[in-house]
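Enquirer: Submitted below is the structure of interest, expressed as structure tokens.
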Amino acid sequence: MTERLPFHFSLSCIGEGNGNPLRCSCLENPRDGGAWWAAVYGVAQSRTRLKRLSSSSSCFIDNAKAFDCVDHNKLWKVLKQMGIPDHLTCLLRNLYACQEATVRTGHGTTDWFQIGKGVRQGCILSPCLFNLHAEYIIRNAGLEEAQAGIKIARRNINNLRYADDTTLMAESEEELRSLSMKVKEESEKVGLKLNILKTKIMASGPITSWEIDGETVETVTSFIFLGSKITADGDCSHEIKKCLLLGRKALTNLDNMLKSRDITLPTKVHLVKAMVFPVVLYGCESWIIKKAECQRIDFELWCWRRLLRVPWTERRSNQSILKEISPEYSLEGLMLKLKLQ
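Under full-length UniProt numbering, think of the first position of the sequence shown as 1, with each following residue one higher.
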């Protein structure tokens, strides 16, 4: 699987086969746009496990204004403890030194004030700094040594992270509660606060109501994780239907270009492949495909017929459509290639 991961994604496998946890996190730049699927893939693999377990739970943690709450002084200490060389930390300190801001209101502007929290929005270093921050929390919470988690391929997985999205997993409610409280306590030590309203729990079986700091944590049967819908029973049919609908909408938005006589047929085919197929196949690496889903996914002929303006009343074989289009590969074939790479 690591061969499929882009360069900026690091999959840490600690102690293969000896019961130590598998940590899945983006340790470099998670905003590159390539590493997101591996986190979704990990959650998808865990949901296949959910079907075989009588009781298994996941906690989707949300930190309130995570990137804005990183305390600079604590960040420098974290970098030192994480082994970042002093000269690099010094460069970062100089980059963040003497930052000031003012707030403009309807009555003028406020006095200038010092900024001592938050990583810079839009800076390519910010995701890296936050990930080191998050890694420090996980290590101090003891999740590396914890035996709690879900066993997949003889490995123990108890947390999956992508930027500020953290998912904790365990086979029992008690283990999950313990992991959650450890992460919460360590997060608060470095200035991050748990957003109880956006933190969700998903379980394959009955689960008791949770309360953290006097607030009830909502239990859900499905959750949108990095744009993909994760369900407690592992069913992907709703997610596939959603992607197909979005694909149809994307093709409809191309109508003006597809009708144009100034654009050649090969160019139109490339447009469909570049602007429609990626929408349909978003997150397909994590899909659990059944025969019925395969039939739904094979909607490319609808795309080609719409491109060629072939009415449904015209009796024309699929073979003749494909011969005229010459698509080189099918949508289903592309999906299987992505899943196997």
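For every residue, glycine included, the Cβ atom is placed at its ideal position computed from N, Cα and C.
1) Identify whether Q114 lies in helix, strand or coil by the three-state DSSP scheme.
2) What number of angstroms, rounded off, separates the C-alpha of F67 from the C-alpha of G118?
3) Output the residue ranges of the beta strand (DSSP E) runs that lie fully inside the region 56-105 and measure 3 residues or longer, sorted by chain position.
4) Return the first residue and the last residue of the beta strand (DSSP E) that A203 is part of.
5) For the alpha helix (DSSP H) that L308 lies in, which residues bound it at each end?
6) Within the same chain, show all residues whose beta-carbon is closer than 7 angstroms to that of L53, passing over the 5 residues directly before and after it, in chain order.
7) My assumption, with CB atoms under 8 angstroms, is that E135 sits in contact with M181. Please give the rounded CB distance.
8) Taking a contact to mean a Cβ-Cβ separation below 8 angstroms, would you say A250 touches V269 in this structure?
9) Just tell me which of S222, S187 and N73 has its CA closest to the CA of I201.
10) Less than 8 angstroms between the C-beta atoms of H133 and V70, yes or no?
11) Have a look at the DSSP bridge pairing and note the partners of F223.
12) Identify, in the order they occur along the chain, each residue of the same chain with its Cβ nearer than 6 angstroms to the Cβ of A232, setting aside the five sequence neighbours on each side.
13) Taking only runs that begin and end inside the region 256-282, name each unbroken alpha helix (DSSP H) of 4 or more residues, in chain order.
14) Hey, M335 and L281: beta-carbon distance below 8 angstroms or not?
15) Please list the terminal residues of the continuous alpha helix (DSSP H) segment that includes S325.
16) Determine, for K323, whether the minimum Cβ-Cβ distance to residues of chain D falls below 8 angstroms.
17) Does DSSP put A134 in a helix, in a strand, or in coil?
18) When we look at the beta-carbon of L22 and count the other beta-carbons within 10 Å, is it buried (16 or more) or exposed?
19) Among R305, G227 and K80, which residue has its Cα nearest to the Cα of S320?
20) Here's a check: name, in chain order, each residue in its chain whose Cβ is nearer than 6 angstroms to the Cβ of C236, leaving out the five neighbours to either side.
21) Taking C-beta to C-beta, are L258 and L331 nearer than 8 angstroms?
22) So L226 packs on S57, CB below 8 angstroms; how close in whole Å?
23) Candidates D165, T109 and D86: which alpha carbon is nearest F60's?
24) Please list, in chain order, all residues of the same chain as E186 whose beta carbon is under 6 angstroms from its beta carbon, the five residues on each side excluded.
25) In angstroms with no decimal places, state the Cα-to-Cα distance between P327 and S317.
26) By DSSP, does A170 sit in helix, in strand, or in coil?
27) Which class does E186 belong to by DSSP, given the choice of helix, strand or coil?
28) At which residues does the alpha helix (DSSP H) containing E239 begin and terminate?
29) Identify, in the order they occur along the chain, each residue of the same chain with its Cβ nearer than 6 angstroms to the Cβ of V279, setting aside the five sequence neighbours on each side.
30) Under the three-state reduction of DSSP, which class applies to N195: helix, strand or coil?
31) Whole angstroms are fine: how far does the CA of G333 sit from the CA of V272?
32) Measuring only the C-alpha atoms, how far is Y329 from L340?
Expert: In this structure, then:
1) strand
2) Each residue's Cα considered, the two are about 6 angstroms apart.
3) 57-61
4) K200 to A203
5) E300 to L308
6) Confidence is the limiting factor: at L53 the pLDDT is only 49, short of 50, which leaves the residue's position unreliable, though a coordinate-based value still follows. Excluding positions up to five away in sequence, the list reads E171 and S204.
7) The Cβ separation is near 19 angstroms, so there is no contact.
8) no
9) S222
10) yes
11) I230
12) M202, S204 and T221
13) 265-275 and 277-280
14) yes
15) What sits at residue 325 in the sequence shown is Ile, not Ser. Here the alpha helix (DSSP H) through I325 covers N318 to I325.
16) The structure shown contains no chain D; it is built from a single protein chain.
17) helix
18) Here the model assigns L22 a pLDDT of 36, short of 50, so the residue's position is not dependable, and the following value carries that caveat. Its Cβ being crowded by 16 or more others within 10 Å, L22 is buried.
19) R305
20) W287 and I288
21) Contact: no.
22) Not really, about 19 angstroms apart at Cβ, beyond 8 angstroms.
23) D165
24) For E186, where only same-chain residues beyond five positions count, the Cβ hits under 6 angstroms are I137, N140 and A141.
25) 16 angstroms
26) strand
27) helix
28) Unbroken alpha helix (DSSP H) run through E239: S237 to N253.
29) L246, G247 and A250
30) coil
31) 16 angstroms
32) 16 angstroms
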